[in-house]
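Colleague:
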Amino acid sequence: MVVFEKPKALADVSMHYCPGCTHGIIHRLVAEVIDELGIEGKTIGVAPVGCSVMAYNYFNCDMVEAAHGRAPAVATGLKRADPENHIVFTYQGDGDLASIGMAETVHSATRNENITVIFVNNAIYGMTGGQMAPTSLPGQVTQTSPYGRDVNHCGFPIKVCEMLSELDGPEYLERVAVNNVKNVKKAKMAIKKAFENQINGKGFSLVEVVSSCPTNWGMTPQKALQWVEENMIPYYPLGVYKDRSADKAE
Amino acid sequence: MAKKVLMKGNEAIAEAAIMAGCRHYFGYPITPQTEIAAYMAKRMPKIGGTFLQAESEVAAINMVYGVASTGKRVMTSSSSPGVALKSEGLSYMAGSDLPGLIVNVQRGGPGLGGIQPSQSDYFMATKAGGHGDFRMIVLAPSSVQEMADLTIKGFDLAEKYRMTSMILADGTMGQMMEPVELNEPEIKEYDKSWAVTGTKMQRKHNIINSLSLIPDELEKLNFERFQRYKQIEENEVMYEEFMMDDAEICIAAFGIAARISKNAIIAAREQGIKVGLIRPITLWPFPTEAFAKAADKVNSFISVELSMGQMIEDVRLATGCKKPVTLCNRAGGMIPSPEQVLEAIVNAAKGGNK
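Residue numbers (the numbering used here), protein chains in the order written: chain C, 191 to 440; chain V, 2 to 355.
1) Residue ranges of each alpha helix (DSSP H) run of no fewer than 4 residues wholly in the segment 288 to 324 of chain V, ordered along the chain?
2) I'd like to know whether the C-beta atoms of V/L307 and V/I209 end up nearer to each other than 9 Å.
3) Name the DSSP bridge partner or partners of C/E364?
4) For C/L268 and chain V, any beta-carbon pair shorter than 9 Å?
5) Is V/R280 closer than 9 Å to V/A265 when the C-beta atoms are compared?
6) Could you tell me how far apart the beta carbons of C/V399 and C/F309 are, in whole angstroms, since I believe they sit closer than 8 Å?
7) In this structure, how does DSSP classify V/C329 when only helix, strand and coil are distinguished?
8) Chain V partners of C/N250, CB-CB under 7 Å?
9) Take C/S395 and list the residues in its own chain whose beta-carbon comes closer than 6 Å to its own, dropping the five residues that flank it on each side.
10) Would you decide whether V/L7 is buried or exposed? Buried here means 16 or more other CB atoms lie within 10 Å of its CB.
11) Put V/Q107 into one of helix, strand or coil per three-state DSSP.
12) Any chance you could list the beta strand (DSSP E) runs of at least 3 consecutive residues sitting entirely within the segment 167 to 221 of chain V, in chain order?
13) Nearest by alpha-carbon distance to C/I423: which of C/G338, C/N370, C/A380 is it?
14) Do the segment 332 to 352 of chain C and the segment 263 to 282 of chain C make contact, defined as three or more Cβ pairs closer than 8 Å?
15) Taking only three categories from DSSP, how would you classify C/V307?
16) Is DSSP giving C/T153 helix, strand or coil here?
17) Check the Cβ-Cβ distances between C/N302 and every residue of chain V, and say whether any is below 9 Å.
18) Taking Cβ positions only, does C/K196 come closer than 9 Å to chain V?
19) Identify each residue in the segment 199 to 225 of chain C for which the Cβ-Cβ distance to at least one residue of chain V is less than 7 Å, and report them in chain order.
20) According to DSSP, simplified to helix, strand and coil, what is C/H343?
21) Can you pull the chain V neighbours of C/M253, defined as C-beta to C-beta under 9 Å?
22) Of all the residues that make up the segment 56 to 87 of chain V, which are near chain C by a beta-carbon distance shorter than 9 Å?
23) With 9 Å as the threshold, decide whether the Cβ of C/E230 is near any Cβ in chain V.
24) Could you give the DSSP three-state label for C/K372: helix, strand or coil?
25) Among the residues of its own chain, which have a CB less than 6 Å from the CB of V/E182, if the five just before and after it don't count?
26) What residues from chain V crowd round C/D272, counting only those whose CB sits closer than 9 Å?
27) If you reduce the DSSP assignment to three classes, tell me which class V/Y40 lands in.
28) If contacts are defined as beta-carbon pairs under 8 Å, then V/S304 and V/V276 qualify, I think. What distance do you get, rounded to the angstrom?
29) Check for me: the alpha helix (DSSP H) holding C/M253 runs from which residue to which?
30) In angstroms, rounded to a whole number, what distance separates the CA positions of C/T233 and V/M245?
31) In chain V, which residues lie less than 9 Å from C/V307 when you measure between Cβ atoms?
32) Could you pull the DSSP bridge partners for V/Q54 from this structure?
33) Which runs of the beta strand (DSSP E), 3 residues or longer, sit entirely within the segment 55 to 86 of chain V?
34) Expressed to the nearest angstrom, what Euclidean distance is found between the alpha-carbon atoms of V/L219 and C/C251?
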C-alpha cells in the first residue's frame, strides 16, 4: 500500500533549492492541489525571476517563464487567450511581486483578473545572494542593508495583503505560513481555495506564504523556522484579508 | 474585390489586424497612435475579441507575451517612448521565439521629445530592439494601403519565423486619410505544437522560456536563431524602385520621406536630372543587394530621413562606400519639404556631394 507519494503534477526531477528552503513545501502544496482538483491538463503556470525561476521544470503542467515582476501581466494574456479552458497561476517571490512587479500586481488585483497568485515572502532576494527585499523587516541585516534595514533611509516593508485588501477588485487574499505542520495544512487549504475560486470564475486570488531562507538569513533550517515564528509572523499576521464571496454570504 | 473606404492610417492597421485574425490587443495611451487602441476598444468586444488597456507599456507587451505563448495572434501598438519601454518584452519574446505584431507610430525624440512625425527610431527598430542578440522584421509602410497590407503580412511573417514583426510608421502615416481596399486575407496555418494551451494530459508539458544558464547551450540557441534570420534575409526582402532605370542619382527613403522624395524626383526629372528612388519596405531585412547594384550604376546617393541620419549608415554599408552618400534631413518632428529634397538633388547633380 502506498501511503505517501510525490504529487503527479510535480515533475520527477531534483530541485535546485538549498537545504531547508521552504519552496519545496510550497511547490508540493500547489501540485497536490492541482492533483486533487484534476486540473493539470488545463493548467498553465508562470514562473518568476528569482529563486523559483526554474519552477517551469518542476511542474508537469504547461509553463511559461516571465520577465522579472511581469508574471501577472503574462498570466493576464494566458488567461484571456482562452478563459474557459485555461487555469493560470503565477508563482512569485517578494522582489518579483512586491518590488519590480508592483504595478502588475496591483492592477491585476484591481481588475480582479481570474488568476491564482502564489506569493512567497521570505523577506530577501535569494537568487542574487541575499539583498534587501521590499518585505525585509526593519533592522534586518542583508547584503545591501549590512547595518540592518534603516526605515528612515529606505522605508518600511510592504504588507502586500493589507495593501491589496483596500482595493475593491480582488476576490481573495490570505496570508499563511509553512513553518510548522499546522500552518502547512492551513496553507494548503488557502491554496486550494485560490484555485477553486478561479475554477468558479470568482477572480483574483492571492495567497501570501510567509517562508524562510536559511542560506541567506545565515541560519540553520530549524533556526530559520523559529525566526519566522518570532519575527516574520508578528510583522506579517496570518489570516484572511479579503474574501468577497464569504463577505457576501454573511 | 472589396470596395475602397476612406480611412486613417492608424485605423487601417487596426482593421487589417482584425482581418488577419488578431483577437487580442493590449495597449497604453500615447500620441500619435491612440486611434489604434480606440478602434480596438470599439471593435473587439463586438467580435468576441479582447481589448485591454494595460497599466503600462511594460505590462501591455507582457500581456502580448502571454497570448503569444498560447499561439494566438496578438498585437500591441505605441509610439517611440512607449516602444522603448516595451524593449524588455521584445527581447524576451525573441528569446522565447514568440510571434507577435508591434506597431511603432514614431514621434520626435529623444526623451519625451514631441508628438510630431519622426523616423528617429530606425536604430531602435533595426539594431537595438532590446538587450541581447536578436532581430525583428521591420516593415515600413508608405501609404494607408500599405499600413493595412503590411499589418497582414507582419502577422504572417511573425508566425512563419516565430518572431516579432514591427510596423515602423510615423505620425503622418498614422494620421493621414486615404482610400484603402481591404480584402479578406488568406491566413496560412503554421505549426503551433510549441504553444502552451494545457497538456490535456496527452503530451509532455511545453515550456515557454528564454533562460538558458549553460553558455554553450545558449550559444547554440543564438546560432540557430540567426540561421532562421539568414533565411529571412534571403527570402523576405521587400523594396520599391522608382525611376531607377536610367538614374544617375539614387535617393534612399522610406515611409513619408519616400513620398516626399517622389515629388522631388518628378520635379528634378522636369529639369532633366536623372534621379530615382529605392524605397526599402523591409528595413530589416534591409535591401542590401538593391543598393549594392545601384552603386555600380549611379554617381551618388542621398538618404532622405526624418532623423539625424540613421538609415544612411545601412546605405553606406550596402554600397560599400563605392559612391558618396549624403543626408537630406529634418528632425525633431519636422518634415523635409519637396523643395528641400529637390535642392539636395540639384546639388548632387552638380557634383556637390562628392
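Here a beta-carbon is modelled for each residue, glycine too, at the ideal position from N, C-alpha and C.
Modeller: Well, looking at it:
1) You should have 289 to 296, 312 to 320.
2) The residue given as residue 307 of chain V occupies position 306 in the second sequence. The residue given as residue 209 of chain V occupies position 208 in the second sequence. In this structure, V/L307 sits away from V/I209, with a CB-CB distance that is not shorter than 9 Å.
3) Here residue 364 of chain C refers to the residue found at position 174 when the first sequence is read from its first residue. Bridge partners of C/E364: C/V397, C/V430.
4) What you label residue 268 of chain C is simply residue 78 of the first sequence in a count that begins at 1. Answer yes: the Cβ-Cβ gap between C/L268 and chain V drops below 9 Å somewhere.
5) Stepping through the second sequence from its first residue, residue 265 of chain V is reached at position 264. Stepping through the second sequence from its first residue, residue 280 of chain V is reached at position 279. Contact: no.
6) Sequence index remark: in the first sequence, residue 399 of chain C carries index 209 (1-based). Sequence index remark: in the first sequence, residue 309 of chain C carries index 119 (1-based). Confirmed, about 7 Å.
7) Translated into the one-based positions of the second sequence, residue 329 of chain V becomes position 328. Strand.
8) Along the first sequence, one-based indexing puts residue 250 of chain C at 60. The answer, in chain order, is H206.
9) For the purposes of this step, residue 395 of chain C is taken as residue 205 along the first sequence, with counting starting at 1. Excluding residues within five positions, the ones whose Cβ falls inside 6 Å are T306, E361, Y362, A384, N387.
10) Locating residue 7 of chain V in the second sequence gives position 6, where the first residue counts as 1. Counting of Cβ neighbours within 10 angstroms places V/L7 among the exposed residues, the total staying below 16.
11) Here the question's residue 107 of chain V lines up with position 106 in the second sequence. The answer is strand: DSSP assigns V/Q107 an E or B state.
12) Within the segment 167 to 221 of chain V, the complete beta strand (DSSP E) runs of at least 3 residues are 178 to 182.
13) One-based indexing of the first sequence puts residue 423 of chain C at position 233. Comparing alpha carbon positions, the residue from C/G338, C/N370, C/A380 closest to C/I423 is C/N370.
14) Under the Cβ criterion (8 Å, minimum of three pairs), the segment 332 to 352 of chain C does not count as touching the segment 263 to 282 of chain C.
15) Within the first sequence, residue 307 of chain C is the residue found at index 117, counting from 1. In the structure shown, C/V307 adopts extended strand secondary structure according to DSSP, grouped into three states.
16) Any answer about residue 153 of chain C is impossible in this case: the structure gives chain C only from 191 up to 440.
17) Along the first sequence, one-based indexing puts residue 302 of chain C at 112. No, because no Cβ of chain V sits closer than 9 Å to the Cβ of C/N302.
18) Start at 1 with the first residue of the first sequence, and residue 196 of chain C comes out as number 6. The beta carbon of C/K196 sits no closer than 9 Å to any beta carbon of chain V.
19) Of all residues in the segment 199 to 225 of chain C, none comes within less than 7 Å of chain V when Cβ atoms are compared.
20) On the first sequence, residue 343 of chain C is found 153 positions in, with the first residue counted as 1. Judged by DSSP in its simplified three-state form, C/H343 adopts helix.
21) Position 63 of the first sequence, counting from 1, holds the residue named residue 253 of chain C. Correct list: V197, H206, N207, I208, I209, N210.
22) If the cut-off is 9 Å between Cβ atoms, the segment 56 to 87 of chain V has E56, S57, V59, A60, A61, I62, N63, M64, V65, Y66, G67, V68, A69, S70, T71, G72, K73, V75 near chain C.
23) Locating residue 230 of chain C in the first sequence gives position 40, counting from the first residue. It does; some Cβ of chain V falls within 9 Å.
24) Translated into the one-based positions of the first sequence, residue 372 of chain C becomes position 182. Three-state DSSP puts C/K372 in a helix.
25) Within the second sequence, residue 182 of chain V is the residue found at index 181, counting from 1. A3, K5, listed in sequence order.
26) Within the first sequence, numbered from 1, the residue matching residue 272 of chain C stands at position 82. Within chain V, the residues whose beta carbon sits less than 9 Å from that of C/D272 are T71, K73, T198, G199, listed in sequence order.
27) Along the second sequence, read from residue 1 onward, the residue named residue 40 of chain V stands at position 39. Note: V/Y40 maps to helix in three-state DSSP.
28) As a first step, residue 304 of chain V is located in the second sequence; it is residue number 303 there, counting from the start. As a first step, residue 276 of chain V is located in the second sequence; it is residue number 275 there, counting from the start. Their Cβ separation, rounded to whole angstroms, is 13 Å, which puts V/S304 and V/V276 out of contact at 8 Å.
29) For the purposes of this step, residue 253 of chain C is taken as the residue at position 63 of the first sequence. Note, C/M253: premise wrong, no alpha helix (DSSP H); beta strand (DSSP E) at 252 to 255.
30) Position 43 of the first sequence, counted from the start, is the residue given in the question as residue 233 of chain C. Position 244 of the second sequence, counted from the start, is the residue given in the question as residue 245 of chain V. Between C/T233 and V/M245, the C-alpha separation is close to 57 Å.
31) Along the first sequence, read from residue 1 onward, the residue named residue 307 of chain C stands at position 117. Neighbours of C/V307 across chain V, judged by C-beta separation under 9 Å, do not exist; the nearest C-beta is about 14 Å away.
32) The residue given as residue 54 of chain V occupies position 53 in the second sequence. Per DSSP, V/G28.
33) Whole beta strand (DSSP E) segments, 3+ residues: 75 to 79.
34) Position 218 of the second sequence, counted from the first residue, corresponds to residue 219 of chain V. Position 61 of the first sequence, counted from the first residue, corresponds to residue 251 of chain C. Their backbone Cα atoms lie some 24 Å apart in a straight line.
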